[in-house]
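Residue numbering for the sequence shown follows the working numbering, beginning at 12 and increasing consecutively. No residue lacks a Cβ here, since even glycine has one placed at the ideal position from N, Cα and C. Working notes, structure below.
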Amino acid sequence: MFRRVLITMVALAALATTARAMDFTYVDDHQALQTLNTLADRLTQSTRIRVPYHIGILNYPELNAFCNSEGQIFVTRKLLQSVGSEEEIAAVLAHELAHLSRRFSSPIVRSFSAMDGDEFQADQVGLKMLNRAQINSGSLLMVLSRVTTAWGDNIPKSQRKILEKRMKNIAKKAHLNYKDFVTA
Ligand SMILES: [Zn+2]
Numbered sequence: 012m013f014r015r016v017l018i019t020m021v022a023l024a025a026l027a028t029t030a031r032a033m034d035f036t037y038v039d040d041h042q043a044l045q046t047l048n049t050l051a052d053r054l055t056q057s058t059r060i061r062v063p064y065h066i067g068i069l070n071y072p073e074l075n076a077f078c079n080s081e082g083q084i085f086v087t088r089k090l091l092q093s094v095g096s097e098e099e100i101a102a103v104l105a106h107e108l109a110h111l112s113r114r115f116s117s118p119i120v121r122s123f124s125a126m127d128g129d130e131f132q133a134d135q136v137g138l139k140m141l142n143r144a145q146i147n148s149g150s151l152l153m154v155l156s157r158v159t160t161a162w163g164d165n166i167p168k169s170q171r172k173i174l175e176k177r178m179k180n181i182a183k184k185a186h187l188n189y190k191d192f193v194t195a
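See below:
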């Protein structure tokens with residue numbers, strides 16, 4: 012027990028260090044962290060994906076989430092405050108856990124709203140995790156739509172197109188109508 016507590020403390024200290032390195036404050040919200048960890052456990056337990064991960068919350072002015080090759084997942088407080096359901100948070104975690112399961116080797120920090128090929132892959136694997144955990148897979152589309160709307164005109168058209176392509180791909184795989192999830 013002591014060992015587990017100690018490991019958790021070391022993990023938390025590492026999360027805080029990463030947050031500082033990114034120039035953002037780590038949020039020590041015990042209850043929210045418990046919710047996040049419960050959801051992540053449910054996702055990983057219902058799949059064969061077994062990856063070590065540590066979840067933290069960031070004070071960060073965007074709806075976003077990040078992960079890195081250390082197995083750290085950060086969800087922004089703003090995202091937690093903006094989602095409509097816990098299922099949407101689960102969808103974000105499923106996407107980030109999907110990245111971790113691929114053990115990407117570069118030490119870069121990946122962003123939930125990133126726009127390259129790896130994102131399409133993480134969306135697909137994330138959808139599978141949600142299905143196996145019996146969590147509504149439409150929640151991934153919902154939360155990505157929320158993030159895209161929050162970006163507004165702050166991203167170039169070409170990047171918005173890629174986000175839309177991600178959403179269309181998710182809709183197709185999850186047998187959903189993309190238009191039902193687009194606000195503007
Ligand atoms: Zn991603």
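For ligand 1, any of its heavy atoms closer than 7 Å to the Cβ of residue i?
i: residue 81; result: no
i: residue 133; result: yes
i: residue 97; result: no
i: residue 73; result: no
i: residue 175; result: no
i: residue 106; result: yes
i: residue 110; result: yes
Looking at residue j and residue i, is the spacing between their C-beta atoms short of 8 Å?
i: residue 30; j: residue 67; result: yes
i: residue 156; j: residue 192; result: yes
i: residue 43; j: residue 91; result: yes
i: residue 88; j: residue 69; result: yes
i: residue 154; j: residue 73; result: no
i: residue 136; j: residue 112; result: yes
i: residue 47; j: residue 138; result: no
Does residue i pass the burial test, meaning 16 or more other C-beta atoms within 10 Å, or should it be called exposed?
i: residue 178; result: buried
i: residue 186; result: exposed
i: residue 134; result: buried
i: residue 182; result: buried
i: residue 96; result: exposed
i: residue 65; result: buried
i: residue 49; result: exposed
i: residue 140; result: buried
i: residue 159; result: buried
i: residue 110; result: buried
i: residue 24; result: exposed
Near residue i, what residues of its chain come up, given a Cβ to Cβ distance below 6 Å and the 5 sequence neighbours on each side ignored?
i: residue 150; result: 98, 99 and 102
i: residue 107; result: 76, 78 and 84
i: residue 118; result: Unreliable positioning characterises residue 118 in this predicted model, as indicated by a pLDDT of 44, which lies under 50. The coordinate reading is nonetheless provided below. 80.
Who are the Cβ neighbours of residue i in its own chain at under 7 Å, not counting the five residues just before and after it?
i: residue 130; result: 177
So, at 8 Å on beta carbons, what are the nonlocal neighbours of residue i in its own chain, with the 5 sequence-adjacent residues on each side left out?
i: residue 188; result: 182
Check the C-beta distance from residue i over to residue j and give it rounded, since I have them as a contact under 8 Å.
i: residue 37; j: residue 27; result: 4 Å
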